[in-house]
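**Q**
There are 2 protein chains.
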Amino acid sequence: MEYRFSSKVSQLKSSAVRDILKLTQGKDMISFAGGLPAEELFPVEAVRDAASRIFEGGSGALQYGLTEGYLPLREQICKRMAVKGMHVTPDEMILTTGSQQAIDLLVQVLTEPGDTILVERPTYLASLQVFAMHGLKVVAAESDENGIIPESAEELIRAHKPKLMYAVPTFGNPTGRVWSLERRKRMLELCRNNDMLVIEDDPYGDIKFDDEQFPSLFSLDGKAENNHVVYTSTFSKTVAPALRTGWAIGDSRVIRMVAKAKQAADLHSSTMDQQVLSQLLNRFDLDGHIALISNAYKERMLEMESYLRQSLSPEVSWVTPRGGMFLWVELPEGLDAEALLRCAVQKGVAFVPGSSFYAGSPMRNTARLNFTHNKGARTEMGVARLAEAIGEFTVRS
Amino acid sequence: MEYRFSSKVSQLKSSAVRDILKLTQGKDMISFAGGLPAEELFPVEAVRDAASRIFEGGSGALQYGLTEGYLPLREQICKRMAVKGMHVTPDEMILTTGSQQAIDLLVQVLTEPGDTILVERPTYLASLQVFAMHGLKVVAAESDENGIIPESAEELIRAHKPKLMYAVPTFGNPTGRVWSLERRKRMLELCRNNDMLVIEDDPYGDIKFDDEQFPSLFSLDGKAENNHVVYTSTFSKTVAPALRTGWAIGDSRVIRMVAKAKQAADLHSSTMDQQVLSQLLNRFDLDGHIALISNAYKERMLEMESYLRQSLSPEVSWVTPRGGMFLWVELPEGLDAEALLRCAVQKGVAFVPGSSFYAGSPMRNTARLNFTHNKGARTEMGVARLAEAIGEFTVRS
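Line by line, the protein sequences give chains B and L. Heads up, the first sequence is in my numbering, so the first residue is 1 and it goes up one at a time. Heads up, the second sequence is in my numbering, so the first residue is 1 and it goes up one at a time.
What follows is the structure, encoded as structure tokens:
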């Protein structure tokens, strides 16, 4: 049988991270590749306890649920959103299988194949896969340590009339960068003036290493009704990824359309997970836990930085992240991080070549290092191996 | 802000079942509408016990998982599939958020907008929504109590050259019909000869009311490699819907493509749910449980049938289902079940008008009654209300 696959899926690149993870299976490999939270910090007892309580209301806990998600959990998330200046009702929220699904459904609901979407350069790999899967044209505005550069975005908007912007303004993936308040306001204005809707993806905003608050684009625009922004987030980094629960908030008309698309996509996400999270929020100090993991991740980041400084030549540079899970490294000019990776894997260390995060022509001398999943001697050894690979590779190339 | 929605989602009909469930909220409504399993039969203790054991291997249980799904569960499902004559390896299987997601991803992977898909007339409502969402043209072959009519299918194949067939050959939704062995073989041959891939959706196959075995189209075609069939099923009806775990099996090339699409769609489904199911299968007699619910459902079906026979005129007809969850009723000619529903809801009973299950021109005098979610006095009262509505409506119209 000759299987004929759709052109969309045929041209989809397999994730570099996944391919690397396959390479690294079974070896003594130190991986800075995946965006994995630290397992030893998962609130296992609280999750176990919450899971034991979901049947208190009877066996209905195992029945089909609403496409929009478990109502008590939506109410609890509404309260958490309000603290961040986002005032929404449960009708203005839908629960999804991680925030990844929210992005996928929003794209299905808001675009036609051939539409253009504006992103930051570089941007989240798996969002680029969504855009490719649904036939979007991607244009990428330049960015620096203060986030996307409005002038670059403006030029692209003029030339390409994008219908949407996709943005990770706070501790972006892969760069860890934060958009300044000024740029947030400027970009929002640009999108408003050009009738562009914004998908604001915020999986990392809670993982902060200092006290500065970064208001979401959503909160800058106002209440949910008529908001130019649909905001997405997730419990994957703050509680645990296995529970696969993300959410989107926005104008109720948008949320209703997302629900229609979600009905076709999977009827609804796991209500087991949603009920566990709801029970967990009833008793567990999630904000205390977020402070705890943020401190731990900051420590790991500083540790990685110090090893990088010790081991690498000053030609390798990065901006110290103020939150999130990633350190974005610029390697000496001319060095191809994809080639470097093959060499690094031989030495027992993995990372994600920066090229994966670009739509169009990539900066090849970039790499994303995750600092949350390793610590201490493992991080030290990983960085040493990486330094060895870079040294060898620089000589070779 | 004026939101511009994609043409696909704009033209998507909201599910009749959902709209009805909204109508029925808060009222003393007896619903034969939803395809809901009986809550009081859910294996709550076994699920609770299984959930308590998923952390035995440590906190890694809460980490990100493979897109293809939790490997031990895939191995367990492989064993269960083998008993049904489907011999596959874990590489030939992917776990999804219910079998609904498997259908959605298969369509994304195997079709381009504008492609034609062949279905049985009538067929599963939410699969029609998937086809609409992805721009497919649907052609529907006639069927009778022995399933799809090959001559009707052949004519459509000749005229429309469909790329795929979607089929629920065993206890179909909405009709509850079973395809005879002869028709299974004939349809498989037709699809093979016309280079059509088959999506065989089998959510109900385990819920059997007699001892006859119905081999899957997949098993009739042979092993997974080069199979013309991709088979999907789910634990939603046999264990519980809240755990949202379905699967697809097929040639590993198809499964790999589905995994690529799933990575963009949601990275992976809940591994909490998958681990709970895996632990459950380790200790719980699922086959014994399936026998138990099948017996209970058979009893409920017979009960509903006897009330229908008592209360309704002989102009209302149906074929006694041999399994599944639905009783498909033909009402007197000229009676519009959508109009009847509005009247029935006033009397406190709901069902799904058959028109929801048709691509193209529907048979308006049909209705789907679920018999698994009510029993005894509730079923009796529901049928009495339905009879009253039909009586009144027949007089009126």
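Where is the CB? At the ideal position from N, CA and C, for every residue including glycine.
Mark A337 of chain L as exposed unless 16 or more other C-beta atoms lie within 10 angstroms of its C-beta, in which case mark it buried.
**A** Reading the second sequence from its first residue, position 337 is the one you call residue 337 of chain L. Result: buried.
**Q** With distance defined between alpha-carbon atoms, name the residue in B:A387, B:E299, B:S99, B:K262 nearest to Q101 of chain L.
**A** Residue mapping note: residue 101 of chain L aligns to position 101 of the second sequence, counting from 1. Out of B:A387, B:E299, B:S99, B:K262, B:K262 has the C-alpha closest to the C-alpha of Q101 of chain L.
**Q** Nearest to S127 of chain L by CA position, among L:E92, L:N173, L:E145, is which residue?
**A** Locating residue 127 of chain L in the second sequence gives position 127, where the first residue counts as 1. That would be L:N173, whose Cα lies nearest to the Cα of S127 of chain L.
**Q** So which of L:L125, L:M133, L:K137, L:V107 has the shortest CA-CA distance to T116 of chain L?
**A** Stepping through the second sequence from its first residue, residue 116 of chain L is reached at position 116. Comparing alpha carbon positions, the residue from L:L125, L:M133, L:K137, L:V107 closest to T116 of chain L is L:K137.
**Q** Counting only C-beta atoms, is N226 of chain B closer than 9 Å to chain L at any point?
**A** Locating residue 226 of chain B in the first sequence gives position 226, counting from the first residue. By this cut-off, N226 of chain B is an interface position.
**Q** Could you spell out where the alpha helix (DSSP H) holding L292 of chain L opens and where it closes?
**A** Here residue 292 of chain L is taken as the residue at index 292 of the second sequence, counted from 1. 286-311 is the extent of the alpha helix (DSSP H) around L292 of chain L.
**Q** Please check if any C-beta of chain L sits within less than 9 Å of the C-beta of P72 of chain B.
**A** Position 72 of the first sequence, counted from the first residue, corresponds to residue 72 of chain B. No - not a single Cβ of chain L is within 9 Å of the one on P72 of chain B.
**Q** Where do the N-terminal and C-terminal ends of the beta strand (DSSP E) with K137 of chain B fall, by residue?
**A** As a first step, residue 137 of chain B must be located in the first sequence, where it is residue number 137. Residues 137-141.
**Q** Starting from the N-terminal side, write out each stretch of the alpha helix (DSSP H) that is 4 residues or longer and does not extend beyond the region 162-202 of chain L.
**A** Segments of the alpha helix (DSSP H) lying fully in the region 162-202 of chain L: 181-193.
**Q** Alpha carbons only, please: which of B:H87, B:M86, B:E380, B:G35 is nearest the one belonging to Q63 of chain L?
**A** To locate residue 63 of chain L, count along the second sequence from 1; it is residue 63. For Q63 of chain L, the nearest C-alpha among the options comes from B:G35.
**Q** How about M1 of chain L and N226 of chain B: are their beta carbons less than 9 Å apart?
**A** As a first step, residue 1 of chain L is located in the second sequence; it is residue number 1 there, counting from the start. As a first step, residue 226 of chain B is located in the first sequence; it is residue number 226 there, counting from the start. Closer than 9 Å, so yes.
**Q** Does the separation of the CB atoms of I390 of chain B and L335 of chain B fall below 9 Å?
**A** As a working note, residue 390 of chain B is residue 390 in the first sequence. As a working note, residue 335 of chain B is residue 335 in the first sequence. A contact, by the Cβ cut-off of 9 Å.
**Q** Give me the Cβ distance between F351 of chain B and L369 of chain B, rounded to the nearest whole Å; I'm assuming they're in contact under 8 Å.
**A** Within the first sequence, numbered from 1, the residue matching residue 351 of chain B stands at position 351. Within the first sequence, numbered from 1, the residue matching residue 369 of chain B stands at position 369. Their Cβ separation, rounded to whole angstroms, is 5 Å, which keeps F351 of chain B and L369 of chain B in contact under 8 Å.
**Q** Could you name the residues of chain B that P162 of chain L contacts, counting a contact when the two beta carbons are closer than 8 Å?
**A** Counted from its first residue, the second sequence places residue 162 of chain L at position 162. Result: empty, since nearest Cβ-Cβ is about 13 Å, beyond 8 Å.
**Q** Nearest to K161 of chain L by CA position, among L:I199, L:D144, L:W328, L:G114, is which residue?
**A** Within the second sequence, residue 161 of chain L is the residue found at index 161, counting from 1. Taking only the C-alpha atoms, the option nearest K161 of chain L is L:G114.
**Q** At least one CB of chain L closer than 9 Å to the CB of K260 of chain B: is that the case?
**A** Along the first sequence, read from residue 1 onward, the residue named residue 260 of chain B stands at position 260. It does: the Cβ of K260 of chain B has a partner Cβ on chain L nearer than 9 Å.
**Q** Which residues does DSSP pair with Y231 of chain B in a beta bridge?
**A** Position 231 of the first sequence holds residue 231 of chain B. Paired residue(s): B:E200, B:I249.
**Q** State the start and end residues of the unbroken beta strand (DSSP E) segment that holds I94 of chain B.
**A** Within the first sequence, the letter at position 94 stands for residue 94 of chain B. Judged by DSSP secondary structure, I94 of chain B falls within the beta strand (DSSP E) whose first and last residues are 93-97.
**Q** Kindly say whether R48 of chain B, judged by its beta-carbon, lies nearer than 9 Å to any beta-carbon of chain L.
**A** Taking the first residue of the first sequence as 1, we reach residue 48 of chain B at position 48. Chain L contact via Cβ: present.
**Q** Which residues, in chain order, does the region 64-88 of chain L contribute to contact with chain B at a C-beta distance below 7 Å?
**A** Y64, G65
**Q** Is the separation between the beta-carbon of S152 of chain L and that of F42 of chain B shorter than 9 Å?
**A** Taking the first residue of the second sequence as position 1, residue 152 of chain L is located at position 152. Taking the first residue of the first sequence as position 1, residue 42 of chain B is located at position 42. Against a cut-off of 9 Å, the Cβ pair of F42 of chain B and S152 of chain L comes out as no contact.
**Q** Under 8 Å Cβ-Cβ, which residues of chain B neighbour S6 of chain L?
**A** Position 6 of the second sequence, counting from 1, holds the residue named residue 6 of chain L. Within chain B, the residues placing a beta-carbon under 8 Å from that of S6 of chain L are Q108, V109, L110, T111, E112, ordered along the chain.
**Q** Say whether chain L places a C-beta atom closer than 9 Å to the C-beta of D104 of chain B.
**A** Counting from one through the first sequence, the residue named residue 104 of chain B turns up at place 104. Yes, D104 of chain B lies at the interface with chain L (some Cβ there is under 9 Å from its Cβ).
**Q** Within 10 Å of its beta-carbon, does D206 of chain B have 16 or more other beta-carbons around it, so buried, or fewer, so exposed?
**A** As a first step, residue 206 of chain B is located in the first sequence; it is residue number 206 there, counting from the start. That one is buried.
**Q** Is it the case that the region 226-246 of chain L contacts the region 272-279 of chain L, given that we only count it when at least three CB pairs across the two stretches are under 8 Å?
**A** yes
**Q** Can you give, in chain order, each stretch of the alpha helix (DSSP H) that sits fully within the region 338-381 of chain B and has at least 4 residues?
**A** none
**Q** When the Cβ atoms of the region 280-300 of chain B are set against those of the region 132-147 of chain B, are three or more pairs found closer than 8 Å?
**A** no
**Q** Taking Cβ positions only, does G60 of chain L come closer than 9 Å to chain B?
**A** In the second sequence, the residue the question calls residue 60 of chain L occupies position 60. Yes, G60 of chain L lies at the interface with chain B (some Cβ there is under 9 Å from its Cβ).
**Q** By the 10 Å Cβ neighbour count, where 16 or more other Cβ atoms means buried, how is T379 of chain B classified, buried or exposed?
**A** The sequence position of residue 379 of chain B within the first sequence is 379, counting from 1. Buried, since its Cβ has 16 or more Cβ neighbours within 10 Å.
**Q** Determine whether the beta carbon atoms of K260 of chain L and V395 of chain L lie at a separation below 9 Å.
**A** On the second sequence, position 260 is the one that residue 260 of chain L refers to. On the second sequence, position 395 is the one that residue 395 of chain L refers to. For K260 of chain L and V395 of chain L, no; Cβs fall outside 9 Å.
**Q** Does the Cβ of R158 of chain B have 16 or more other Cβ atoms within 10 Å, making it buried, or fewer, making it exposed?
**A** Here residue 158 of chain B is taken as the residue at index 158 of the first sequence, counted from 1. Exposed: under 16 other Cβ atoms inside 10 Å.
**Q** Would you check if the distance between the CB atom of M29 of chain L and the CB atom of V349 of chain L is smaller than 9 Å?
**A** Position 29 of the second sequence holds residue 29 of chain L. Position 349 of the second sequence holds residue 349 of chain L. Yes, these two residues count as a Cβ contact at 9 Å.
**Q** Take A50 of chain L and list the residues in its own chain whose beta-carbon comes closer than 6 Å to its own, dropping the five residues that flank it on each side.
**A** Mapped onto the second sequence, residue 50 of chain L falls at position 50. Answer for A50 of chain L: V276, Q279, L280, listed in chain order.
**Q** Which same chain residues, not among the five before or five after E212 of chain B, have their C-beta less than 8 Å away from its C-beta?
**A** Here residue 212 of chain B refers to the residue found at position 212 when the first sequence is read from its first residue. The answer, listed in chain order, is R322.
**Q** Any idea which residues DSSP pairs I117 of chain L with across the strands?
**A** If you number the second sequence from 1, residue 117 of chain L lands on position 117. The partner list for I117 of chain L (beta bridge, DSSP) reads L:V138, L:L164.
**Q** Which bits of chain B does T97 of chain L rub up against, with CB to CB less than 9 Å?
**A** Within the second sequence, the letter at position 97 stands for residue 97 of chain L. Residues of chain B passing the Cβ test: T97, Q101, R244, A265, D266, L267, H268, S269, S270.
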